[in-house]
Amino acid sequence: MPLEQLLAQWGLPAVFLGTVAEGEGAAFLGGVMAHRGLFSFEAAALAAAAGAFLIDQIMFQVGRHATGFAFAQRLLARPAAASVLQHVRARPILACLSIRFIYGLKTVGTLAIGASGIRPLSFVLLNLISTLVWSHIVTGLGFGVGTAIERLWGRVALHSHLSAALVLAVALIAVAEVLRRRR
């Protein structure tokens, strides 16, 4: 089966599962694949939102019941978790809406939100808003990079297009990490 056909059939489940496992990279590549017409932009963004929503809900519940999970206790013992808890207690709505956008804090942040005592229904609603906005932004970045690659090099083979997008995504993540560490 050719790569384009394979991704047209299995690309959306891959975006969903990739977003559960990793996050930005899968949503970004979903945007690149949407640019190539393998599926619609909206389908890619919604698959990414669904994956992000699912993993956030799982981590929230783990945080709520952290005493039963050794790995959660270790993560919540980190200084970053204490900082997130402080922000959650000061501005719970803002914390719930913004944690998905803070690179490197999604897991520990969502665990901390769960441990903070925020009502589950409140988190569900705020997380739904956050993941929908986040997924459209990141998928849109992928779509835009896909467009830029096509404008620079024309309509290249799909594997070359995805490889170029991956290189650009890794470069963007590296820049974000450098900027984050400077703070």
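In this text, residue positions in the sequence shown follow this note's numbering: the first is 2, and each later residue adds one. Idealized CB from N, CA, C, for every residue including glycine.
- One thing to note: L163 has its Cβ within 9 Å of the Cβ of L30.
- Ranked by Cα distance from T108, the first of L180, A49, I130 and E23 is E23.
- With a contact defined as Cβ atoms closer than 8 Å, A28 and V125 miss out at about 20 Å.
- Taking the CA atoms as reference points, S84 sits about 12 Å from T111.
- A check of alpha carbon separations from C97 across G38, G115, A165 and P80 identifies G115 as the nearest.
- Counting only unbroken stretches of 4 or more residues, the alpha helix (DSSP H) elements lying wholly within the region 93-172 are 93-99, 107-116 and 121-154, in sequence order.
- By the neighbour-count criterion, in which 16 or more other beta carbons inside 10 Å mark a residue as buried, T148 falls on the exposed side.
- Sequence-distant partners of A49 (beyond 5 residues in either direction) whose C-beta falls short of 6 Å from its own C-beta, in its chain, are V16, T20, A28, G31, S136 and T140.
- In the structure shown, F29 adopts helical secondary structure according to DSSP, grouped into three states.
- Excluding the 5 residues flanking it on each side, G52 has same chain C-beta neighbours closer than 6 Å at F17, T20 and V21, in chain order.
- Closest in alpha carbon position to G26, among L95, R181 and A170, is A170.
- Of the residues G143, L153, I100 and I119, the one whose Cα lies closest to the Cα of I130 is I100.
- Leaving aside the five residues that flank H88 on each side, the residues in its chain whose CB is nearer than 6 Å to its CB run, in chain order, A96.
- DSSP places A177 in the helix class (H, G or I) of the three-state scheme.
- S117 is classed as buried because its beta carbon has at least 16 other beta carbons within 10 Å across all chains shown.
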